[in-house]
Amino acid sequence: MRFYILFILLSTLVFAAGGGGGGGGGSGSGSSGTTSSAKYTSAFSVEYKCPEGELVATVSGVTATDGKLDDFLVTAYKEGISVTSAKTDSSGNVKLSIKDEGRYLVQSKKDEYFENNKLLDIESCVAKEQEFYCTEGKTMKERVKCVLNLPDDYVNKVKYVPEECNVASSEQEKKECIESYKVSQSCRGEKSTDAEREACIRPKLNLGQSIKADIEKCRKEFGSKKRICLVSLKENVLRLVKFRLYNLIYKAYELWEEKLVSEGETVDFTTLVNEKKIAFNNAQTITDKKKIVEDVKAEWDKFRYKAKNKLEEG
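Counting in the working numbering, the sequence shown runs from 8 upward without gaps.
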């Protein structure tokens with residue numbers, strides 16, 4: 008009976024939550040080869056530049072009296088096979104294009120000169136994609152503003168840490184929180200309606216179209232199965248309520264994109280909803296949670312009223 012009364016309260020909470028209205032290269036050790044006619048020496052250095060994918064070789068300090076730095080043949084070998092080669096210019100420089108990572112032997116040769124060899128380890132120049140963005144902001148408002156201006160693709164993939172997840176008590180809890188946002192985000196289709204978004208999220212939360220029917224289904228179970236079913240249902244109903252709060256942020260973004268509200272107004276409203284979601288998580292009673300939802304709904308009504316006035320003003 009206690010669970011049934013609890014879910015009656017939860018049902019009113021759900022209705023209250025319904026928002027109205029529409030590589031770097033590193034040079035290794037070097038060595039000089041010997042040929043029977045070699046009598047001059049030279050200095051040799053190599054550097055790999057990312058993301059250009061260029062190996063820059065430089066010959067300098069030649070001991071021949073003519074001092075010429077050109078015409079040194081520089082060759083890059085990988086696993087004993089010549090990959091690319093070119094001759095130095097008058098400044099002793101040459102650029103070789105290398106895109107593949109791995110260990111290379113880079114050699115410089117010229118008649119009457121001792122060979123120079125350098126080992127070079129080349130790592131991939133493909134930059135690793137940043138896992139999360141907008142983490143630098145010192146305040147919630149700064150982070151919210153940053154997220155507001157992220158590319159749609161980053162938002163869709165939740166490439167930021169939602170404020171609710173920022174206060175998680177452990178890394179595991181934080182990870183689970185972010186994953187839950189990805190589930191919510193999957194129901195945020197372009198031009199979708201509130202009803203369509205909710206129809207999408209309910210089965211992902213293991214909820215049917217009627218909470219009352221879900222309660223009755225749990226009540227038909229026995230013993231521990233019944234209790235587990237009811238506890239799980241309670242958690243999923245609360246997640247549905249938070250989805251509706253999340254949906255208000257999405258709708259606020261839409262009004263901002265349509266230029267019916269300012270960026271500052273959108274940041275303020277989003278920050279408020281984020282703060283209320285954290286308070287919702289911390290609230291100990293259904294009554295307290297319901298009050299938080301009602302407060303958010305009142306703020307949403309004020310927010311969309313501003314947009315309505317802007318639209319009417321033309």
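Backbone N, C-alpha and C fix where the C-beta goes; we use that ideal spot for every residue, glycine too.
Selection from the options that minimises the alpha carbon distance to residue i
i	options	result
residue 156	217, 179, 296 and 260	260
residue 159	185, 264 and 293	264
residue 108	145, 90, 94 and 99	90
residue 141	117, 148 and 167	167
residue 275	234, 147 and 57	147
residue 185	170, 226, 130 and 307	170
residue 312	292, 294, 145 and 272	272
residue 211	194, 225 and 60	194
residue 110	116, 87 and 95	87
residue 247	96, 231 and 202	202
residue 54	130, 45, 68 and 116	130
residue 299	287, 310, 308 and 309	287
residue 222	67, 309, 237 and 229	237
residue 310	232, 277 and 224	277
residue 267	318, 44 and 68	318
residue 270	66, 92, 149 and 67	149
residue 257	92, 144, 60 and 204	204
Cβ pair residue i, residue j closer than 9 Å
i	j	result
residue 47	residue 121	yes
residue 365	residue 279	Because residue 365 is not part of the residues shown, which for the chain are 8 to 321, the question remains open.
residue 192	residue 162	yes
residue 52	residue 125	yes
residue 77	residue 99	yes
residue 243	residue 289	no
residue 114	residue 123	yes
residue 240	residue 218	yes
residue 72	residue 49	no
residue 62	residue 127	yes
residue 97	residue 116	no
residue 226	residue 216	no
residue 165	residue 189	yes
Range of the contiguous beta strand (DSSP E) that encloses residue i
i	result
residue 51	50-56
residue 111	109-116
residue 47	Segment: none, residue 47 is in no beta strand (DSSP E) and carries neither H nor E.
residue 63	61-67
residue 128	122-129
residue 94	88-94
residue 83	80-85
residue 104	100-104
Run of the alpha helix (DSSP H) containing residue i, from where it starts to where it stops
i	result
residue 190	178-192
residue 289	270-289
residue 245	230-264
residue 312	293-320
residue 161	159-163
residue 155	147-155
residue 206	201-211
residue 224	218-226
residue 4	Summary: the structure shown does not reach residue 4, with the chain confined to residues 8 through 321, and so no result is reported for it.
residue 170	170-173
Proximity test, Cβ basis, 9 Å: residue i and chain C
i	result
residue 148	Checking the listed chains, one finds no chain C in this structure; it contains a single protein chain.
Distance between beta carbons of residue j and residue i, contact taken as under 8 Å
i	j	result
residue 79	residue 56	Wrong, their Cβ atoms sit about 20 Å apart, outside the cutoff.
Residue i CB to nearest heavy atom of the ligand FAD below 8 Å
i	result
residue 159	Among the components of this structure there are no ligands whatsoever, and the ligand FAD is therefore not found.
With contact counted as at least three CB pairs below 8 Å, one residue from each stretch, are the segment 81-88 and the segment 99-107 in contact? yes
Quick check: the segment 279-290 against the segment 244-260, are there 3 or more CB pairs under 8 Å? yes
Counting pairs of Cβ atoms below 8 Å between the segment 170-178 and the segment 291-309, do you hit three or more? Contact fails: fewer than three Cβ-Cβ distances are below 8 Å.
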